[in-house]
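In terms of this note's numbering, the sequence shown opens at residue 765 and continues consecutively. Here is the structure we will look at.
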Amino acid sequence: MMLYAIIASVACVTYIYLGILILVFGKDSSTQKSFAVLCAMLALWSFGCAGRNMAQGIQWIPFFDRLYYTGSELFILAGIIFILFLSGRQSVPFYRILVLVIMLRIGIYQTANWGWNILARDFPSGPWFVSHQLLSAIESLLIPLIALIWGRTTTLHREQIQSRIIIVSTVCGTSIGVLVDFLSGFKGHNPISCTIPVLWMVAVCYAIIRYGLMQFAPVYVNRELIKHMNRAVFMIDSVWNITDCNAAARSLIGQPENLRHSTPMDKVFLESQAIQRKVTALLATGEHNFSHTGFLLASEGKTVPVVTSFSLISDKWGDRIGLLGFCLPKFDLNAFISRYHLSERQADILQHIVNGRTQVQTAEALFISLATVKTHTTSLYNRLGISSRSELYAMLRGESQD
765 MMLYAIIASV ACVTYIYLGI LILVFGKDSS TQKSFAVLCA MLALWSFGCA GRNMAQGIQW
825 IPFFDRLYYT GSELFILAGI IFILFLSGRQ SVPFYRILVL VIMLRIGIYQ TANWGWNILA
885 RDFPSGPWFV SHQLLSAIES LLIPLIALIW GRTTTLHREQ IQSRIIIVST VCGTSIGVLV
945 DFLSGFKGHN PISCTIPVLW MVAVCYAIIR YGLMQFAPVY VNRELIKHMN RAVFMIDSVW
1005 NITDCNAAAR SLIGQPENLR HSTPMDKVFL ESQAIQRKVT ALLATGEHNF SHTGFLLASE
1065 GKTVPVVTSF SLISDKWGDR IGLLGFCLPK FDLNAFISRY HLSERQADIL QHIVNGRTQV
1125 QTAEALFISL ATVKTHTTSL YNRLGISSRS ELYAMLRGES QD
């Protein structure tokens, strides 16, 4: 009994730890919140198991029995909701109705559980317990079924791999859990299947961490790299939502706080449709960078003219997972050139820098060598009294605000 309690306690702590990790280090998304809820339900299930094996007083055992069977059913419901958010099917009417039916079934069984502790009394071969096990097993198999549909309909390789991992781990975990409960029951021991999902959770975490979180997030671009950039940076996912931005971007559009998670791109970029068409055309050519001149929608309905350099972000299979947008306020470049008495070649270099081109791209566009570009760039920086591209961006941003 004490061994069972120790195993269940370790499982409980593991679930809590996984939930905290995903909330603290993950992106604030519905998928990750649903995963944290799943971890909480598994922790509740394990806590009930640990309590019933450690309880000394007879008055505490029924309480932990009820807690155990509550967690065992709610974790499956949380698992189904998690896979729906993971696969983007949480808004499909059929699945919503299915979730409501499962909630109704759980409500009936939990009424019997908390009212009369009937699930614990029927363990291991009574009708209530057996039907509870069978229905729970069937409901848990909805998780791999939804994952299977998701894997067959998605075109992204990483999502196909994730779905396969979830299918195999869920089917194996459910089969082992049901078998362990029946075997332990017939041998006179309390059920211990609450520990089995630890293996399933490890597999799910591996699928998430190894193959991404379905959406473009700082896991692909270190947040620290954009945090201190003088140039405004927007991170846009594969379904055209802005998932993150740095302080310079928030300042540019007059947002003191970070944008709400998954802000639609067209709420900030007024020509979002034109940008999306450019991305589609660019994918056909194999290129990854382009520039766009347009407007950002700032606070109080104001618009900000900007030149944005976009860079497509792809995973190792070549699937597009997002877009990085580097914005620079548009201003009278000719006046700037005249003010600092830039040479024709220095002006050319400045124009290419403003458009977000690299030195290699600049050399190709001007039909000069890379060494010549570097020489003219150094000359430009010396003329302006700066030493880096980031200082130039800061200087240009200051010009646009004058």
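A virtual CB, placed ideally from N, CA and C, is assigned to each residue, including glycine.
In this structure, T834 sits near L808, with a CB-CB distance shorter than 9 Å. When the beta-carbon positions are compared, L1076 and L1060 stay at least 9 Å from each other.
Beta bridge pairing from DSSP links D1030 with no other residue. A direct Cα-to-Cα measurement between I910 and L1092 gives close to 44 Å.
Judged by DSSP secondary structure, H1140 falls outside any beta strand (DSSP E) and instead within the alpha helix (DSSP H) spanning 1134 to 1148. S904 is positioned such that its CB atom lies closer than 9 Å to that of G843. Between N1010 and I1039 a beta carbon distance of about 19 Å is seen, past the 8 Å cut, so the two are scored as non-contacting. Counting the other Cβ atoms within 10 Å of the Cβ of A1099 gives fewer than 16, which makes it exposed. For E1035, the CB contacts under 6 Å within the same chain, skipping 5 residues up- and downstream, are G1058 in chain order.
Cβ contact annotation for H1140 (same chain, cutoff 7 Å, sequence separation greater than five): R1109, Q1110, I1113, in chain order. Between the segment 926 to 945 and the segment 864 to 877 there are fewer than three inter-stretch CB-CB distances shorter than 8 Å, so the stretches are not counted as touching. By the neighbour-count definition (other C-beta atoms within 10 Å, threshold 16), L767 is an exposed residue. Check the Cα spacing between K1066 and each of G1018, T1007, G783: the tightest is with G1018.
For D1083, there is no enclosing beta strand (DSSP E), as DSSP marks it with neither H nor E.
Remark: C-beta atoms of S900 and S1002 do not approach each other more closely than 9 Å. Here G890 carries a coil assignment [DSSP, helix/strand/coil]. Residue range 1053 to 1061 is occupied by the beta strand (DSSP E) that includes N1053.
Residue state for T1072 is assigned as strand, using DSSP reduced to three classes. Annotated as proximal: I913 and S851, with beta-carbon spacing under 9 Å. Going by C-alpha positions, G1149 is about 13 Å away from A1158.
Residue state for T1007 is assigned as strand, using DSSP reduced to three classes. With respect to L883, D829 sits close: the two C-beta atoms are nearer than 9 Å. Restricted to the segment 821 to 863, the alpha helix (DSSP H) segments that are unbroken, complete and at least 4 residues in length are 825 to 851, listed in chain order. Taking every protein chain shown into account, the CB of P1069 has fewer than 16 other CB atoms within 10 angstroms, so this residue is exposed. Short of 7 Å from the beta carbon of V1124, and not among the five residues preceding or following it, lie these beta carbons of its own chain, in chain order: L1134. The alpha-carbon of I960 is positioned some 6 Å away from that of G941.
Scanning T1044, N1005, L1046, G1050 for the CA closest to the CA of F1033 turns up N1005. Under DSSP, I1077 shares a beta bridge with G1086. In the structure shown, the three-state DSSP call for I1000 is strand. V966 counts as exposed, since fewer than 16 other C-beta atoms from the protein chains shown sit within 10 angstroms of its C-beta.
Straight across, the Cα-Cα distance linking F799 with V962 is about 13 Å. Comparing alpha-carbon positions, the option among N1053, F1090, T1049, E1051 lying closest to D1008 turns out to be F1090.
Annotated three-state conformation of L1106 is coil, per DSSP.
Cβ contact annotation for D1030 (same chain, cutoff 7 Å, sequence separation greater than five): S1036, in chain order.
Under DSSP, P1093 forms a beta bridge with V1070.
Ranked by how close their Cα comes to the Cα of Y873, the residues L838, L1097, S1102 have L838 in first place.
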